[in-house]
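Take 23 as the starting number for the sequence shown in my numbering and just add one per residue. A virtual CB, placed ideally from N, CA and C, is assigned to each residue, including glycine. Keep in mind it's a predicted model, so treat the numbers as computed, not measured. Notes for the one structure printed next.
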Amino acid sequence: MQNTVKVLEQIQRVDLEITSVEEEEKGRFRRIEDANELLIRLEEDKVRLLPDIDALKAQIRDVEAKLAETKERAARNEKRSSEVKNDKEIKALTKETNEARKALKHNEDELGALNARLNAEADKLKAKETEVAGKTAEVEDLKKELLDKKADWDALVIDKKKLRDGLAAAVSPDILKKYETIRAKRGGRAVVPVRKEACQGCFIHIPPQAYIELKKGSAELIMCPHCHRILYVESEAPPETV
Ligand SMILES: [Zn+2]
Numbered sequence: 023m024q025n026t027v028k029v030l031e032q033i034q035r036v037d038l039e040i041t042s043v044e045e046e047e048k049g050r051f052r053r054i055e056d057a058n059e060l061l062i063r064l065e066e067d068k069v070r071l072l073p074d075i076d077a078l079k080a081q082i083r084d085v086e087a088k089l090a091e092t093k094e095r096a097a098r099n100e101k102r103s104s105e106v107k108n109d110k111e112i113k114a115l116t117k118e119t120n121e122a123r124k125a126l127k128h129n130e131d132e133l134g135a136l137n138a139r140l141n142a143e144a145d146k147l148k149a150k151e152t153e154v155a156g157k158t159a160e161v162e163d164l165k166k167e168l169l170d171k172k173a174d175w176d177a178l179v180i181d182k183k184k185l186r187d188g189l190a191a192a193v194s195p196d197i198l199k200k201y202e203t204i205r206a207k208r209g210g211r212a213v214v215p216v217r218k219e220a221c222q223g224c225f226i227h228i229p230p231q232a233y234i235e236l237k238k239g240s241a242e243l244i245m246c247p248h249c250h251r252i253l254y255v256e257s258e259a260p261p262e263t264v
């Protein structure tokens, strides 16, 4: 069984390498998805600003029209000032001139306020557009990076799987299945060394009898009684892990 365990340990090493490549790939996919989601939200924010801007522009056009009318009214009053004949007319014209002046001031103030609001909204839109452009570039970069690496990863995984198949051929299907089951349940690690009589999967001491069996080289696979991983002792005294 010592050889079987050794092969299982090698299979596990290859499996961990394959998993790490797959995780890296998945991680990059997730980053693209996250960036894409953010981009969609930014674009929605941008689109939401547009009706306000359109409404403001329409209001500005109305006030501009009103302002033009008021200016005409003021010009008419100006012209009439040379035509007034008596006090009554002068009084009426003065009143009308004052009213027209007030209306002009009101229109101008209103137009100023609307233009200020339009500028503020336009600034918001511009800022949002800059964000959208930045995020779009980020998504493109991430996609390109992924594409650049994908071929290498795929080739690496194919190589590793071939290597694994070669190793797996030396182990009985039953044991391989057991290995797979433990691996699936135990976070990818089914085979662990014993150091200082402790399982390095769960770090709990194993019974002395099991340790003696392991050292001797048992005919059966020896499992950790606590985490049920397959145990092995390293042939060389391993360096102390900190
Ligand atoms: Zn254990």
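*Backbone CA spacing between residue 62 and residue 162 [nearest angstrom]*: Against the sequence shown, residue 62 aligns to sequence position 40. Against the sequence shown, residue 162 aligns to sequence position 140. In a straight line, the C-alpha of residue 62 is about 14 Å away from that of residue 162.
Practice prompt. Using three-state DSSP, classify residue 217 as helix, strand or coil.
Written response: Along the sequence shown, one-based indexing puts residue 217 at 195. Three-state DSSP puts residue 217 in a strand.
- Item | Inter-residue spacing [alpha-carbon to alpha-carbon] between residue 225 and residue 239 | Within the sequence shown, the letter at position 203 stands for residue 225. Within the sequence shown, the letter at position 217 stands for residue 239. Near 21 Å, if we compare the C-alpha coordinates of residue 239 and residue 225.
**Asked** Is it the case that the Cβ atoms of residue 244 and residue 212 are separated by a distance below 8 Å?
**Response** On the sequence shown, residue 244 is found 222 positions in, with the first residue counted as 1. On the sequence shown, residue 212 is found 190 positions in, with the first residue counted as 1. In this structure, residue 212 does not lie closer than 8 Å to residue 244 by Cβ.
Can you tell me whether residue 85 is buried or exposed? The criterion is at least 16 other CB atoms within 10 Å of its CB, across all chains shown.
Along the sequence shown, one-based indexing puts residue 85 at 63. A buried status is given to residue 85, since no fewer than 16 other beta-carbon atoms sit within 10 Å of its beta-carbon.
Checklist entry - What does DSSP give as the partner residues of residue 128 in its beta bridges? => result Mapped onto the sequence shown, residue 128 falls at position 106. In the DSSP output, where bridge partners are listed per residue, residue 128 has none listed.
TODO: State yes or no: is the C-beta of residue 227 nearer than 7 Å to some heavy atom of ligand 1?
DONE: As a first step, residue 227 must be located in the sequence shown, where it is residue number 205. False, no ligand heavy atom lies under 7 Å from that Cβ.
If I measure Cβ to Cβ from residue 227 and keep anything under 6 Å in the same chain, skipping five residues before and after, which residues do I get? Taking the first residue of the sequence shown as position 1, residue 227 is located at position 205. For residue 227, where only same-chain residues beyond five positions count, the Cβ hits under 6 Å are 219, 220.
> Can you name, in chain order, every residue of its own chain whose Cβ lies under 6 Å from the Cβ of residue 27, other than the five neighbours on each side?
Replying inline: Here residue 27 is taken as the residue at index 5 of the sequence shown, counted from 1. Excluding sequence neighbours, residue 27 sits near 254.
Measuring alpha carbon to alpha carbon, tell me which residue in 229, 188, 144 is nearest residue 30. Numbered from its first residue, the sequence shown carries residue 30 at position 8. The residue with the shortest Cα to Cα distance from residue 30 is 188.
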